[in-house]
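Numbering (our numbering), first residue to last: 36 to 107.
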């Protein structure tokens with residue numbers, strides 16, 4: 036039996052199932068890569084924002100809020 040005759044005997048549904056499984060696999064890999072990229076971006080932004088933090092003394096904690104109406 037040659038390779039060509041073996042391929043001809045395989046059901047078309049088998050080829051479609053293989054194509055769908057490969058497509059879903061590629062889609063899943065793309066989602067994981069996207070999620071990983073978003074996570075790395077989040078870590079980078081957190082590091083950048085952490086460097087901009089300043090310590091505030093307890094006497095100045097609410098100094099900028101004086102005179103504002105903070106009712107919800």
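Glycine included, every Cβ here is placed at the ideal spot set by N, Cα and C.
Could you check where the alpha helix (DSSP H) with residue i kicks off and where it finishes?
i          : result
residue 40 : 38 to 44
Does DSSP put residue i in a helix, in a strand, or in coil?
i          : result
residue 89 : coil
Determine the direct distance from the alpha carbon of residue j to that of residue i, and round the result to whole angstroms.
i          : j          : result
residue 58 : residue 45 : 20 Å
residue 87 : residue 50 : 56 Å
residue 80 : residue 70 : 15 Å
residue 62 : residue 56 : 10 Å
residue 60 : residue 37 : 30 Å
residue 94 : residue 82 : 28 Å
residue 92 : residue 84 : 20 Å
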